[in-house]
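All remarks here apply to the structure that follows.
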Amino acid sequence: MQETKERFFAFIGKLEDKLREFTAASIPELVALNDTDTDQFKRGYHRMKSAVLGQLDSIQKKALDVKEEKITCFPFPNDDHEISKIYHQFRNECYDRFFQLDELYSKCREQVESTHQEDFESKYQKILDEYETLKDKFRCEQCGSPVTIDKIYFTTTYITCPSCQTRNTFEPSSQAKMLEHIGRSLAEQRTSHLLKEHDEIPQKTQTLYLQRHEIELSLIHESDKRIIEQKRAQMQEMEKQKLELESKRPALYQTYLRAMFDEWNKINPALADEHEKFYNRLLNDYHK
């Protein structure tokens, strides 16, 4: 077991080095591509980011596969209590080492994800500034009278001249046409802290589950009644915390979703009714 443990620790260490090196090398390239990609949807950047995340996933999977093969399935005689006790200690130490790599893997993914931070606030402000500049400069094609643009239009619109009643075609700029797309992205950005709170719960519950499982395994060869009682109380508390986290997750998602759509409606009130239909669909899909 000691030899297997040493080899496993060394293997995990090498994979951690790969995670760090690959992430460190990829981030500058992703940042540069994100800054220079002229495609409004950043498709080139997203392709590269997907490839980088795929490589990180591959490294983490190697560690997981070896853990299952060499540690979880390590052969030992079940009828020997002393060896069984040593095995559980060996397994817990190796699992802890794997979880260290798993934490690093999660951090590397977060770093890669954070390379795409478009400044939607400034893009939205440019649309507002453009509107303030243009709203009183539009004139009727027929009589030349000023026609006030009463709100931000993001699609081709017909506006009636108050003087001669001619219907004029108003064509918004390419920048204004992006209002709906920018609006949602900006709303998501403004409320991302709420989504993060929701998204972190599975990791928290998984950690509690694993901690509880380790305590449960340690009871197999424990004979001290006082220690057994203490550990069982710990397990009950961990299970309680886990259930509380799981039960509040749907409410956290609804809080995020409501806040995000409220922001979106403020940015583009013209489509508030459509937004609400979309909100209800997303909420229903979540609860299916």
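The working numbering puts the sequence shown at residues 67 to 354.
Built from N, CA and C at the ideal position, the CB exists for glycine as well.
Contact check for Thr70 against Phe156 passes: the beta carbons are separated by less than 9 Å. Under the three-state reduction of DSSP, Pro228 is assigned to coil, being neither helix nor strand.
Here Arg205 is bridged, per DSSP, to Pro212. Look at Phe236 here: in three-state DSSP terms it is strand.
No residue range can be given for Tyr219, since it is assigned to no alpha helix (DSSP H) and is classified by DSSP as neither H nor E. Contact between the stretch 151 to 165 and the stretch 278 to 296 is present: three or more C-beta pairs spanning the two stretches fall below 8 Å.
The C-beta separation of Phe220 from Leu245 comes to about 4 Å, placing the pair in contact by the 8 Å criterion. In this structure, DSSP gives Thr89 a helical state, which the three-state scheme calls helix. Distance check between Glu303 and each of Tyr322, Ser229, Glu169 and Tyr275 places Tyr275 closest, using alpha-carbon atoms only. Of the candidates Lys243, Glu329 and Cys139, the residue whose Cα lies closest to the Cα of Lys192 is Lys243. Non-local C-beta neighbours of Thr223 in its own chain, meaning closer than 8 Å and more than five positions away in sequence, comprise Thr235, Phe236 and Pro238, ordered along the chain. Thr104 sits in coil when the DSSP states are folded into three classes, being neither helix nor strand. An exposed status is given to Ile294, since fewer than 16 other beta-carbon atoms sit within 10 Å of its beta-carbon. Using a 10 angstroms sphere on the CB of Gln126, the tally of other CB atoms reaches 16 or more, which defines it as buried.
By the 16-neighbour rule on beta-carbons within 10 angstroms, Thr214 is exposed. Listed as beta-bridge partners of Thr223 by DSSP are Phe236. Cα atoms of Arg73 and Ile137: separation of roughly 11 Å, rounded to the nearest angstrom. Going by beta carbons, Ile267 and Tyr190 fall outside the 9 Å limit. Proximity to Val118 across Phe88, Thr102 and Glu135 peaks at Phe88, based on C-alpha coordinates. In this structure, Phe327 sits near Ala253, with a CB-CB distance shorter than 9 Å. A check of alpha carbon separations from Tyr352 across Asn334, Leu318 and Lys306 identifies Leu318 as the nearest. The beta carbon of Glu280 is closer than 7 Å to those of Asn158 in its chain, skipping five residues each way along the sequence. Sequence-distant Cβ neighbours of Leu167 in its own chain, meaning closer than 8 Å and more than five residues away, are Ile78, Leu81, Glu82, Leu85, Gln126 and Ala129. Excluding sequence positions up to five before and after Glu207, its CB lies within less than 6 Å of the CB of Asn234, all in the same chain and listed in chain order.
With a beta-carbon spacing of about 4 Å, Leu96 and Thr181 fall inside the 8 Å limit used to define contacts.
The C-beta separation of Lys133 from Cys160 comes to about 7 Å, placing the pair in contact by the 8 Å criterion.
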